[in-house]
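Visitor: Chains as they are written, first to last, in the working numbering: chain A, 140 to 344; chain B, 1427 to 1866.
Glycine residues also receive a C-beta, built at the ideal position from the N, C-alpha and C atoms.
Computed from a prediction, not measured in an experiment: that's the story for all the values here.
Quick one: the structure is below, and I'll ask about it shortly.
Right, here's the structure in full:
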């Protein structure tokens, strides 16, 4: 057969997504911090790692229940501080979200995105002065090093682990080169919305 | 869905993000601090946003990715037992690597009609043997993976001669039009150090040699083999970009195909004294292949405990419904897919313009281009820009037992070749050899 001529072949680019979610244009570094708590993320604020010296006994539960429990605990803590006449910015400067990262890759990424969003919503009710109060620090506890994968992709600030094998993800996979790399993907955005909605509903009950 | 999420905070934009970044950078240079230039010449931005969304429409397979175990056949009975063990551990596909004709009755004893997919990697070309094997496996899903051009690239020689090889292949295709006879094995390009754009372009140009000779009717009976590295999102995009371009090219043949793509872990980034990190590497490679839309993923036969520990997580990913659709509309992956496609298409057109892949292989152009990229990559590794844990960074902290699956160097008998063969080369080889020498 004669060789075909491919010289006029061109790719066809589309700029319409299949599905757009209302929360999708939120960015990192500005409340509600959906895509991360710093606009420059790991570039300017490197990922911390800590070696776990104790065991972390948090029950395995759904991301929705875990998040609503975290919001309830945080609200109680904030309420106590306010009752003692401490300003909201000082109260929340002490708080962060320590979460056990499980095997469900997509859910864990969506959980971290949803947690930042709901935290901003919770804090907004107390009219903080400091923008930093809207930003939720996430500490990811991992049991096996592969779980660091979803922890980093979800945008945690610190990984707490028994060993240093998870350095592999930072050094070799290139996943820290852009912020919130899974954003836009329908599966991730949909799961983020579902977890946020359900967790907020449970919290309000 | 209620707008409860968005009712308290105003909408944002990529302009606002950029402004906030400038503030956080506090005078530091945006380009130098935040932009990453890859070896493919693609610039990774610190962020991607809905505002600048672009994508290609990727034809995706409908089926789940099958997990395949590679078994080397030397004694048929042993290989048969290993196949059973692999199936027991969850493999739904077996790849037999064979050096010479074998007894198929013994090898496939009790393995047939179990909904297992079979792949072959033959180190010989024997028409009669393959025809008999096709008859034996007539009710099974089989990929025979005969790639005479790939064999030329890998070994520097045809099995017999160009004429004889093509005539055997043609006769096999004519006799068995419904079987997956041909494969385009691009693993050697990755393992020898070609970058991702080159790999896609070579895959297409390599395939187009078969299409030129056998016509568009073989398009959906070609099996593609890729090696996957650890550059996670780029590897996801690699298979997607390939799928897109393959169909674009098939348009010229008035046909289309959702290609069968089989992926295996790259050899290039594996390290001799790092079986633990190697398993992590392969795990990430497997995940990107599954998300990229590979139809099969190959592992080496392996019974170590660490691999088994990773299994539940991988099963979770594998059984994730429609894994191949997860990347759809991800700003970053769609951007990279488009970039890779654009650049690979340019290389493909150049190859075609200068007479095609086979011509460039015979002239040594492909080899030279791969070598140029491999050396660039080796340099990045040597100066520490490209990291392999336990080798050029933290060299003594990740020691684990020797990985028996990694051969240190490729030693073999010297033989005469028709063209310069493309040889695999691991990045860590030089440092490891030094370490062996120093230790001795």
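Ignore the nearest five residues each way along the sequence and tell me which others in residue 309 of chain A's own chain have a CB closer than 8 Å to its CB.
Guide: Same-chain partners within the cutoff: 186, 291 and 315.
Visitor: Tell me the residue span of the alpha helix (DSSP H) that contains residue 1701 of chain B.
Guide: 1701–1718
Visitor: Considering only DSSP beta bridges, list what residue 1653 of chain B is partnered with.
Guide: B/1690
Visitor: Leaving out five residues on either side along the sequence, give the residues of the same chain with a beta carbon under 6 Å from the beta carbon of residue 1749 of chain B.
Guide: 1716 and 1717
Visitor: Is the beta carbon of residue 166 of chain A sitting closer than 9 Å to the one on residue 274 of chain A?
Guide: no
Visitor: Out of B/1756, B/1489 and B/1823, state which residue places its alpha-carbon closest to the alpha-carbon of residue 1483 of chain B.
Guide: With distances taken between Cα atoms, residue 1483 of chain B lies closest to B/1756.
Visitor: Can you check DSSP and say which residues form a bridge with residue 1569 of chain B?
Guide: According to DSSP, which records beta bridges pairwise, residue 1569 of chain B is partnered with B/1545 and B/1606.
Visitor: Please name the residue or residues paired with residue 279 of chain A in a DSSP beta bridge.
Guide: DSSP links residue 279 of chain A through a beta bridge to A/238 and A/298.
Visitor: Got a sec: is the Cβ-Cβ distance from residue 298 of chain A to anything in chain B below 9 Å?
Guide: no
Visitor: Evaluate contact between the region 1602–1609 of chain B and the region 1567–1580 of chain B, counting only Cβ atoms and requiring at least three cross-stretch pairs below 8 Å.
Guide: yes
Visitor: Which chain B residues sit within Cβ distance under 9 Å of residue 337 of chain A?
Guide: By Cβ distance, chain B contributes nothing, its closest Cβ being about 11 Å from residue 337 of chain A, past 9 Å.
Visitor: Please list, in chain order, the chain A residues whose beta carbon lies closer than 8 Å to that of residue 1682 of chain B.
Guide: By Cβ distance, chain A contributes nothing, its closest Cβ being about 14 Å from residue 1682 of chain B, past 8 Å.
Visitor: Determine the direct distance from the alpha carbon of residue 1858 of chain B to that of residue 1865 of chain B, and round the result to whole angstroms.
Guide: Distance from the CA atom of residue 1865 of chain B to the CA atom of residue 1858 of chain B, rounded to whole angstroms, is 10 Å.
Visitor: Shorter than 8 Å, the distance from the beta carbon of residue 1859 of chain B to the closest heavy atom of the ligand HEM, or not?
Guide: Ligands in the displayed structure: none, and consequently the ligand HEM is not present.
Visitor: Which residues, taken in chain order from the region 249–274 of chain A, show a beta carbon closer than 8 Å to some beta carbon of chain B?
Guide: 256, 259, 260 and 263
Visitor: With 9 Å as the threshold, decide whether the Cβ of residue 1782 of chain B is near any Cβ in chain A.
Guide: Put simply, the CB of residue 1782 of chain B is near chain A, with a gap under 9 Å to one of its CB atoms.
Visitor: Which word fits residue 1817 of chain B, buried or exposed, when buried means at least 16 other C-beta atoms lie within 10 angstroms of its C-beta?
Guide: buried
Visitor: Spell out a yes or no on whether the region 1446–1463 of chain B and the region 1672–1685 of chain B are touching, meaning 3 or more CB-CB pairs, one atom from each, closer than 8 Å.
Guide: no
Visitor: Contact between the region 217–226 of chain A and the region 1493–1502 of chain B: three or more CB pairs below 8 Å?
Guide: no
Visitor: Any Cβ of chain A within less than 9 Å of the Cβ of residue 1719 of chain B?
Guide: no
Visitor: Taking only three categories from DSSP, how would you classify residue 150 of chain A?
Guide: Assignment of residue 150 of chain A by DSSP, reduced to helix, strand and coil, places it in the coil class.
Visitor: Indicate whether at least one CB of chain B lies closer than 9 Å to the CB of residue 324 of chain A.
Guide: yes
Visitor: Residues of chain A with a CB under 9 Å from the CB of residue 1764 of chain B: which are they?
Guide: Within chain A, the residues near residue 1764 of chain B are 150 and 152.
Visitor: Kindly indicate if chain A contains any beta-carbon less than 9 Å away from that of residue 1623 of chain B.
Guide: no
Visitor: What is the residue span of the beta strand (DSSP E) that residue 1482 of chain B lies within?
Guide: Element bounds for residue 1482 of chain B: n/a, residue is neither H nor E.
Visitor: Any idea what DSSP makes of residue 1673 of chain B, helix, strand or coil?
Guide: helix
Visitor: If you draw a straight line from the C-alpha of residue 1790 of chain B to the C-alpha of residue 1784 of chain B, how long is it?
Guide: Those two C-alpha atoms are separated by around 10 Å.
Visitor: Kindly identify the DSSP beta-bridge partner or partners of residue 1497 of chain B.
Guide: According to DSSP, which records beta bridges pairwise, residue 1497 of chain B is partnered with B/1522.
Visitor: Against chain B, which members of the region 160–171 of chain A pass a CB distance test of less than 9 Å?
Guide: 160, 161, 162, 163, 164, 165, 166, 167, 168, 169, 170 and 171
Visitor: Round the Cβ separation of residue 1752 of chain B and residue 322 of chain A to the nearest angstrom and send it over; I've been treating them as touching at under 8 Å.
Guide: At roughly 13 Å, the Cβ-Cβ gap does not stay under 8 Å, so residue 1752 of chain B and residue 322 of chain A are not in contact.
Visitor: Along the chain, where does the beta strand (DSSP E) containing residue 1723 of chain B start, and where does it finish?
Guide: Looking at the DSSP string, the run of the beta strand (DSSP E) that includes residue 1723 of chain B is 1722–1726.
Visitor: To the nearest angstrom, how far is the alpha carbon of residue 191 of chain A from that of residue 297 of chain A?
Guide: 12 Å
Visitor: Identify each residue in the region 1499–1526 of chain B for which the Cβ-Cβ distance to at least one residue of chain A is less than 8 Å, and report them in chain order.
Guide: none
Visitor: Compare the Cα-Cα distances from residue 1384 of chain B to each of B/1711, B/1815 and B/1637 and report the closest residue.
Guide: Nothing about residue 1384 of chain B can be read from this structure; chain B reaches only from 1427 to 1866.
Visitor: Skipping 5 residues on each side, what residues in its chain have a beta carbon closer than 6 Å to that of residue 1486 of chain B?
Guide: Setting aside the 5 residues that flank it on each side, residue 1486 of chain B is surrounded in the same chain by 1719 and 1750, each with a C-beta closer than 6 Å to its C-beta; the list follows chain order.
Visitor: Nearest chain B C-beta to residue 327 of chain A closer than 9 Å, yes or no?
Guide: yes
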